[in-house]
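Asks: Numbering (our numbering), first residue to last: 17 to 601.
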């Protein structure tokens with residue numbers, strides 16, 4: 017049977033996507049990423065975000081992708097601060113926040129598999145059952161990636177309970193099959209899954225269970241990744257070249273900040289701001305709050321520094337109404353959050369709500385100019401954030417060095433939006449940091465489980481991004497990780513263990529240590545970066561892979577979760593000891 021017009025369009029777009037972004041991957045693996053990129057558009061998911069949620073492989077329970085988003089933008093992984101008991105774990109989150117769960121099965125096929133949703137339902141029932149331990153889920157059987165997602169879901173649900181989140185649960189089955197081929201039996205199965213989810217989630221949750229076939233793929237291809245927001249001015253603005261300055265009533269600024277018909281703040285607007293919200297108790301923010309809560313003869317905008325917004329485009333279909341494309345608030349995060357929180361607490365007087373805040377809007381596409389604006393408006397105070405390092409000279413040098421070798425270092429979120437860059441060649445700060453932790457610092461357990469904790473401390477940051485270290489290190493680390501990833505997708509690797517998430521950084525560290533030839537662990541740090549090897553062969557990685565899982569077998573007591581073993585220190589010590597014996601032989 018010949019392809020439908022929609023199938024032709026969908027397949028052509030997929031082939032182009034694979035060619036431009038993932039030329040080394042198999043069609044099946046590339047299709048998973050193609051499907052995720054379409055289904056996660058609304059969340060602004062980066063290539064790194066997509067990789068973080070992929071769980072396919074042996075014993076995947078019929079699931080290829082599993083994602084958790086807070087307020088539609090913040091991706092939550094197993095190492096997220098949100099899952100901890102730290103005092104600031106829930107900072108910046110408000111009651112009634114949005115919690116989106118996205119479950120995806122992606123099949124590079126042209127016909128429907130009628131058993132997909134029943135299989136996913138069976139898996140989700142096991143995951144939702146708190147009486148089933150990690151060991152029980154493993155025996156189901158479910159692979160380590162799925163088990164980790166199950167534990168993340170349980171922790172997230174527990175930690176968020178006090179905030180009473182609105183859960184939006186999405187289950188998608190994506191394939192090239194014809195949309196019109198969804199029959200009555202398949203519709204019944206999707207309704208059954210939706211019905212079970214409805215009874216298993218809190219009141220007010222929304223559930224969607226969708227067949228994403230040829231026509232739906234084409235529809236999603238037409239949906240852009242841009243987000244828009246309407247800014248209503250009180251008077252005609254001052255305009256000069258590609259910028260405008262105007263006054264916006266606080267009540268209208270609140271509408272601009274939030275999702276339509278919602279009191280949830282749009283976090284994507286703050287993606288490039290180097291600061292996090294410092295909280296309402298900080299002196300400056302407390303002063304803003306008190307100003308909003310009391311009337312005076314002074315208008316609010318006289319007392320506030322105002323807001324600076326960079327946009328890709330600014331249109332004014334009506335004289336005082338501007339539609340901003342991809343607005344990014346680069347200065348004014350603290351004021352914006354205080355205004356938002358004070359309104360939620362009904363702490364803004366009626367008079368202040370009708371007063372204005374000063375807003376500057378700059379339309380600029382040149383990355384260097386945007387960088388200068390971001391830097392210039394964010395150099396007043398130092399607040400801990402990975403993004404605070406984005407302007408450092410070391411970070412710029414790494415970006416330039418990697419670009420010369422065809423890699424795109426994303427110092428800022430959305431840095432390469434609209435740029436013709438292969439998704440498989442984009443790496444963010446955390447990903448580059450993980451590569452260095454494993455390759456140079458020999459800390460595969462930290463790279464696997466706690467990368468943001470190390471990068472979040474001054475001492476840890478300086479170890480990973482040592483100003484005196486050659487930029488060559490970062491290229492070598494990425495090349496070794498890339499080589500390990502290629503190996504882990506091979507049949508040879510899967511024959512040993514189909515557990516790429518756990519094995520990845522251990523094999524990177526193992527290769528660095530083995531290829532260095534050192535006989536004592538303490539001697540490795542003396543090896544200069546220029547002497548570190550960067551081209552792991554399949555034979556070498558196969559040997560290390562076998563060695564690693566031989567040590568796993570020795571330590572496996574049947575009770576300890578597999579991922580916990582890789583996140584702990586015992587396995588690393590045992591693995592390194594065996595490698596050092598080989599080096600000494």
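Using N, Cα and C, we set each Cβ at its ideal position, and we do this for glycine too. Bear in mind that the values here come from a model prediction, so they are computed numbers and not experimental data.
Throw me the rounded Cβ distance for the residue 495 and residue 527 pair, which I believe falls under 8 Å.
Replies: The Cβ separation is near 11 Å, so there is no contact.
Asks: Looking only at its chain, what residues have a beta carbon closer than 6 Å to the beta carbon of residue 325, apart from the 5 residues adjacent to it on each side?
Replies: For residue 325, where only same-chain residues beyond five positions count, the Cβ hits under 6 Å are 343, 345 and 377.
Asks: Here's the rule I'm using: 16 or more other beta-carbon atoms within 10 Å means buried, otherwise exposed. How should residue 591 be labelled?
Replies: Buried.
Asks: Going by DSSP, what residue range makes up the beta strand (DSSP E) through residue 330?
Replies: Residues 329 to 334.
Asks: Would the beta-carbon of residue 467 fall within 8 Å of that of residue 524?
Replies: No, these two residues do not count as a Cβ contact at 8 Å.
Asks: Straight-line CA distance for residue 250 to residue 369?
Replies: Each residue's Cα considered, the two are about 13 Å apart.
Asks: Would you mind working out which of 572, 567, 573 and 580 sits nearest residue 589, comparing C-alpha positions?
Replies: Selected option, being the one with the closest Cα: 567.
Asks: Counting contacts by CB-CB distance shorter than 8 Å, is residue 312 in contact with chain C?
Replies: Protein chains in the displayed structure number just one, and chain C is not present.
Asks: Tell me whether residue 581 sits in a helix, a strand or coil according to DSSP, three-state version.
Replies: Of the three classes helix, strand and coil, the one that applies to residue 581 here is helix, per DSSP.
Asks: Buried or exposed for residue 235, please, with buried defined as at least 16 other CB atoms from any protein chain shown within 10 angstroms of its CB.
Replies: By the 10 Å Cβ count, residue 235 comes out exposed.
Asks: Assign residue 351 to one of three DSSP states: helix, strand, or coil.
Replies: Helix.
Asks: In this structure, does DSSP put residue 128 in helix, strand or coil?
Replies: Residue 128: coil per DSSP, three-state reduction.
Asks: Report the residue from 519, 510, 511 and 546 whose alpha carbon sits nearest the alpha carbon of residue 486.
Replies: Residue 546 is the option with its Cα nearest to residue 486.
Asks: Could you spell out where the alpha helix (DSSP H) holding residue 517 opens and where it closes?
Replies: 516 to 532 is the extent of the alpha helix (DSSP H) around residue 517.
Asks: Run the CB neighbour count on residue 416, radius 10 Å, all protein chains shown included, and call it buried at 16 or more, exposed below.
Replies: When all chains shown are included, residue 416 counts as exposed.
Asks: Tell me the rounded alpha-carbon separation between residue 450 and residue 457.
Replies: Cα to Cα, the separation comes out at about 10 Å.
Asks: Buried or exposed for residue 396, going by 16 or more other Cβ atoms inside 10 Å?
Replies: Caution applies to residue 396, whose pLDDT of 43 falls short of 50 and renders its modelled position unreliable; the value that the coordinates give is listed next. Exposed.
Asks: In the DSSP output, what is residue 323 paired with across the bridge?
Replies: In the DSSP output, where bridge partners are listed per residue, residue 323 has 375.
Asks: Hey, is the segment 265 to 276 in contact with the segment 164 to 174, meaning 3+ C-beta pairs nearer than 8 Å?
Replies: Cβ pair count under 8 Å is below three, so no.
Asks: Do residue 258 and residue 379 count as a contact pair if the criterion is CB distance below 8 Å?
Replies: Closer than 8 Å, so yes.
Asks: The beta strand (DSSP E) spanning residue 251 covers which residue range?
Replies: Neither: residue 251 is in no beta strand (DSSP E) and is coded neither H nor E.
Asks: Going by DSSP in three states, residue 241 sits in which element: helix, strand or coil?
Replies: If DSSP states are grouped into helix, strand and coil, residue 241 belongs with coil.
Asks: Measuring straight from C-alpha to C-alpha, what distance separates residue 253 and residue 317?
Replies: Looking at the two C-alpha atoms, the distance is approximately 15 Å.
Asks: Taking Cβ positions, are residue 572 and residue 159 nearer each other than 8 Å?
Replies: For residue 572 and residue 159, no; Cβs fall outside 8 Å.
Asks: Identify the continuous alpha helix (DSSP H) that holds residue 561 and give its terminal residues.
Replies: It spans 554 to 571 - the alpha helix (DSSP H) in which residue 561 sits, taken as one unbroken run.
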